[in-house]
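Notes follow the structure.
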Amino acid sequence: MSGDGATDGLTRRTQNSSRELLAKAFFFGCAALSVATTLSIIGLLVYEAAKFFTISAPLLGIDGPTATLTEFFTGSEWGLQGPNLGVMPLVAVTLMVTIGSGLIAIPLGVATALYLSEYASERARSYLKPALEVLAGVPSIIYGIFAVAYITPVLDTLFGVDGLFNVASACIVVGIMILPMVASVSEDAMQAVPDDLRQAGYGMGATKYDVSTGIVVPAAASGIFSSFILALSRAIGETMAVTLAGGSLARSFDPTSLASYLSLFDPDSYLEPGMTMTAAMIQLLTGDVTGGGLAYRSLFAVGLVLFVITLGMNVLSDVIARRYQEDYQ
Amino acid sequence: MSGSYDGFGRVSRRIGKLFRGVLFASTLAGILTLAVLLVYVANDAFQPLTADPGWHLVFLFTLVVPTLATGWLSYRRSYGTLATGLLGIVMPGIAALYAGGLAALFIDVIPTLVWLSFVIALVIPGAVVVALRRTDRSMPFLAELGAVLGVTVGSLLVVPSLVQGLPTVPADWMVLVLTLGLPEAFLLGRWIEGRWGRRDGWIAGAAILVGSAVGGVVGMMTGFGAIPGVALTLFALVPTGLYAAIVVRERPDRRIGLLLPAVIVVGMVAGELLVGALGFAGPESWVDWSFLTSTTQSGDPRSVGIYSGIVGTILLMFVVAAIAVPAGVGAAVYLEEYAPNTRFTRIIDVNISNLAGVPSVVYGLLGLGLFVRYGGQPTGTLLVGGATLALLVFPIVIISAREAIRAVPDSARQASYGMGATRWQTVKNVVLPRAFPGILTGTILALSRAIGETAPLLVIGAAQVFGVPDSWTSTIGAMPLQLYVWASTYASPAFYTTVLAAGIVVLLTAMLSMNSIAIYVRNHYEQR
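Line order of the protein sequences matches chains A and B. Residue 276 is where the first sequence starts when you use this note's numbering, and the numbers rise one by one after that. Residue 116 is where the second sequence starts when you use this note's numbering, and the numbers rise one by one after that.
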């Protein structure tokens, strides 16, 4: 931002000519477009989702089928044929993918960040960092095909899975996909740890291992943690890979019983197909979506839940990175 | 006493070494997994094991051994020589890829006459602008702007229908030579004139013009096609020739590097001839000419092709670039050059980083609601798809353009202001030209991300079965969408390890070519 006084003084006499104003208005319009995008995302999702719920639909003049809030948030089945409109079965599978991909990406990502930041030579870094970027650059649909065509057969020989689709293969590919995000954000945090702290550690007789685990990681903890949240929010929003790998068969999930929550951590349940929120949105699109029927509106209701979760996680990661950052000045 | 101090000063290095090894293994885990998967894909797509052993042997001796030997010789001479040779292979390859894409557009989407009419309609206001600049400098800015806008609109309304109604229609190759060959000959001629002198500039310009016409005629006569003939000449042969000329003239020490591409071309031709003569069968690759050019949609893996997806992706990229780049760069300029340090500026700032984290499927919902339901557009058209993807890459373009603009040193701006330049003049003459390579790199990377996006296109209702689009409002496909359709409609192992592998190879090649251009631009301008 160039708000310095000298520039303002030098350009004051010309700043109101029509040419200058037109240029400035164009640039301002472009910047305002980004705010308009956000506002229209929020407005559209809220407005269309409001038409979906029984409580708000009459206010907007909708008199078709609607869903109650209790149905949406406590229903244990998803499927518009029923119509069963519980979103929790979808959220549960999304959560499974998040847990599973986190189990892969978080340890590997932190280890990668630590290696790149503390151990790797400048030359090794210059090869490894672009290679890691490639992992994030491969399109998600390709990861989906990898999962079905190459990873599921391996899982089948190891554990025995039925059919082409399962949650575990989705977890693996999403984990590979978000690994670079954990690694690069964590590495930035580790690089920001001042060298004085490391030197102090070595001065006390600590080994490189001691310094890495005892000084660098704790000092960069807020950045590392915010990288987890950022990467997991990416996993939640991931669409094509989980749609292809997980299949499009909604599970049933009873949000009111404890046992169903425990089943999220049961390894066997990962070997079965499951449909996430994003996959459900893709599946809904095969039906009538432009007519504005229940399917169309439920799409936006699920989209709103997804948007709120990912936005909340992004903001949270930002807050953690800012608030708990150690100040070394 | 001394016994208890035996361990002092001695630290076990075992844990440290083990730890380092674990970290290194974790770093490689993801990369190696992807590498293994890609090897599987390449194996499924190209089926190298189905070829005769004789085929492999022939190409080993005609292509692989000479290439490695030449490469090693170049490397012995200097690393730069090898780099010259490698660029001499990669550059023509990528150029031919894009020339092919361009040719596909003119063959299937834009009739050359329509193209000609719009070019003429836009040349007229361009001429007016030049005339105004040259004659009257005292004209007020708004009057000038009004005149130019008026002429542009009038010309766009009148000229295209006039030209399209002409009684005699010029041949395809003539139109392309006129609209693409002439500007390229002029621009490259001027550039060479500045580099090597006036005479060479004229010769080069004339050679380009004549060459493109010859390419068109030869293409027409050999059955290769007039349009691909001109496109390949202008956008693959000419850059390749120019590259060779620059190396030969300006880097005599690296001249030997050009041997590498020559050896490869000769080796490929010789290998092909030998294999044909000896009767060795090549691999039954799934990535073949019919896969690239077929538009068939069916359950038979051997008959399907990705052509409509390729054309759709190219068209989408044009729309995305046309919308997202001006808007994204404009927003970046505002934030870096104009924005006062106010609350609103900070809101925009936070907002952009949050937009970059919104899942792509939500952008699809935005496009569906905004353009289809309330904008009244039909589902899945080129415009809707392009606009939706443009919204998706908009924050990415802003972020990378801001970085490029921030890298322009403040002293350059201050020098401009000190000379009495206004803000707009400074932005136009100092900031944007210096930030251009960075902006270009960021833009290409953003577009290469847009190439792979599937979910937003599915959400806006892109058709499950699509052909080659023929207008701005026809339904559009794209390469990743084509992959999804194959993967979901024909979800059988017979499809997954055959056609889908070939599709992955094509999509990744397109992305890789874009990324390598971006990396080249960045490295090229970083050296200055």
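Backbone N, C-alpha and C fix where the C-beta goes; we use that ideal spot for every residue, glycine too. It should be emphasised that the depicted structure is a prediction, and the values quoted were computed from it without experimental measurement.
Under a three-way DSSP split, which group does Phe347(A) fall into?
Under the three-state reduction of DSSP output, Phe347(A) falls in the helix class.
Rounding to the nearest angstrom, what Cα-Cα distance links Ala454(B) and Thr460(B) in this structure?
Approximately 6 Å between the Cα atoms of the pair.
Cβ closer than 7 Å: which chain A residues qualify as neighbours of Trp539(B)?
Per Cβ cutoff of 7 Å: Arg294, Glu295, Ala298.
Please identify the residue among Val614(B), Leu507(B), Asp167(B) whose C-alpha is closest to the C-alpha of Pro416(B).
The candidate whose alpha carbon is nearest that of Pro416(B) is Val614(B).
Cβ closer than 8 Å: which chain D residues qualify as neighbours of Thr553(A)?
Although the question refers to chain D, the structure presented lacks it and instead comprises the protein chains A and B.
Starting from Lys404(A), trace the alpha helix (DSSP H) both ways and give me its first and last residue.
Lys404(A) -> alpha helix (DSSP H) spans 397 to 412.
Option in Ala554(A), Ser315(A), Asp485(A), Gly522(A) with minimal Cα separation from Pro548(A)
Gly522(A) is the residue among Ala554(A), Ser315(A), Asp485(A), Gly522(A) whose C-alpha sits nearest the C-alpha of Pro548(A).
So, is the C-beta of Pro493(A) closer than 8 Å to a C-beta in chain B?
No, no contact with chain B.
Just list the residues that DSSP pairs Ala342(A) with in beta bridges.
Answer by DSSP bridge pairing, in chain order: Phe328(A).
Distance, Cα to Cα, Trp265(B) vs Pro255(B)?
For clarity, residue 265(B) is Gly in the given sequence; the question names Trp instead. Pairing Gly265(B) with Pro255(B), the inter-Cα distance amounts to about 15 Å.
In its own chain, which residues sit with a C-beta less than 8 Å from the C-beta of Leu319(A), not counting the 5 before and 5 after it?
Cβ-Cβ distances below 8 Å link Leu319(A) to Phe575 in the same chain, with the five nearest sequence neighbours on each side left out; the list follows chain order.
Which residue's Cα is closest to the Cα of Arg509(A): Phe301(A), Asn589(A), Phe440(A)?
It is Asn589(A) whose Cα lies nearest to the Cα of Arg509(A).
With distances taken Cα to Cα, identify the nearest neighbour of Leu197(B) among Leu374(B), Ser526(B), Leu407(B).
Ranked by how close their Cα comes to the Cα of Leu197(B), the residues Leu374(B), Ser526(B), Leu407(B) have Leu374(B) in first place.
Does the beta carbon of Ala332(A) sit closer than 8 Å to a beta carbon anywhere in chain B?
Taking Cβ atoms only, chain B never reaches closer than 8 Å to Ala332(A), which makes this a no.
Does Thr496(B) come out as helix, strand or coil in the three-state DSSP assignment?
For Thr496(B), the secondary structure class from DSSP, reduced to helix, strand or coil, is strand.
Taking 8 Å as the cut-off, does the stretch 341 to 348 of chain A touch the stretch 473 to 483 of chain A (at least 3 CB pairs, one atom from each stretch)?
No: the two stretches stay apart, fewer than three of their Cβ pairs being nearer than 8 Å.
Judging by CA-CA distance, which residue of Leu172(B), Glu641(B), Phe610(B), His639(B) is the nearest neighbour of Trp401(B)?
Nearest C-alpha to Trp401(B): Phe610(B).
Whole angstroms is fine: what's the gap from Val137(B)'s alpha carbon to Pro382(A)'s?
Using only the alpha carbons, I get a separation of about 11 Å.
Would Met116(B) pass as an interface residue toward chain A - the criterion being a Cβ-Cβ separation below 8 Å?
Low per-residue confidence applies at Met116(B): pLDDT is 43, beneath 50, and the placement is therefore not dependable, though the value from the model is reported in the following sentence. Chain A, which has no Cβ nearer than 8 Å to the Cβ of Met116(B), makes this no.
8 Å Cβ cut-off: residues of chain A touching Phe161(B)
None at all; the shortest Cβ gap to chain A is about 16 Å.
Would the stretch 303 to 318 of chain A count as touching the stretch 437 to 457 of chain B if we require 3 or more Cβ pairs under 8 Å?
A contact is defined here as three or more CB-CB pairs under 8 Å, and the stretch 303 to 318 of chain A meets this definition with respect to the stretch 437 to 457 of chain B.
For Asn589(A) and chain B, any beta-carbon pair shorter than 8 Å?
Answer yes: the Cβ-Cβ gap between Asn589(A) and chain B drops below 8 Å somewhere.
Go ahead and pull the three-state DSSP assignment for Gly354(A).
DSSP places Gly354(A) in strand when its eight states are reduced to three.
Rounded C-alpha distance that separates Val234(B) from Pro298(B)
Val234(B) and Pro298(B) have their C-alpha atoms roughly 11 Å apart.
Name the DSSP bridge partner or partners of Asn638(B)?
Asn638(B) is not bridged by DSSP to any residue.
So the candidates are Ile559(B), Val180(B), Ala530(B), Val476(B); which of them puts its Cα closest to the Cα of Val545(B)?
Answer by Cα proximity: Ala530(B).
Assign Leu360(A) to one of three DSSP states: helix, strand, or coil.
Leu360(A): strand per DSSP, three-state reduction.
For the stretch 530 to 560 of chain A, enumerate the residues whose C-beta is nearer than 8 Å to any C-beta of chain B, in chain order.
Answer set for the stretch 530 to 560 of chain A: Thr553, Met556, Ile557, Leu560.
Check whether Gly576(B) and Gly501(B) have beta carbons under 8 Å apart
Taking 8 Å as the cut-off, the beta carbon of Gly576(B) is found no closer than this to the beta carbon of Gly501(B).
Given 8 Å, three or more beta-carbon pairs between the stretch 238 to 251 of chain B and the stretch 587 to 602 of chain B:
No, the stretch 238 to 251 of chain B is not in contact with the stretch 587 to 602 of chain B.
For Thr286(A), which of Arg128(B), Trp539(B), Tyr449(B) has the nearest alpha-carbon?
Here the closest residue by C-alpha is Trp539(B).
Leaving out the 5 sequence neighbours to the left and right, which residues in its chain are closer than 6 Å to Met629(B) when beta-carbon positions are compared?
Excluding positions up to five away in sequence, the list reads Ile559, Ser563.
DSSP state of Thr612(B), grouped into three classes?
Thr612(B): coil per DSSP, three-state reduction.
Run through the stretch 462 to 518 of chain A for me and flag every whole alpha helix (DSSP H) of 4 or more residues, listed as ranges in chain order.
Correct list: 470 to 478, 483 to 486, 496 to 512.
Extent of the continuous alpha helix (DSSP H) to which Met711(B) belongs
Chain B is shown from 116 up to 643; residue 711(B) falls before or after that span and cannot be answered.
Run through the stretch 145 to 199 of chain B for me and flag every whole alpha helix (DSSP H) of 4 or more residues, listed as ranges in chain order.
For secondary structure counted as the alpha helix (DSSP H) over 4 or more consecutive residues, the stretch 145 to 199 of chain B holds these complete runs in sequence order: 168 to 174, 180 to 192.
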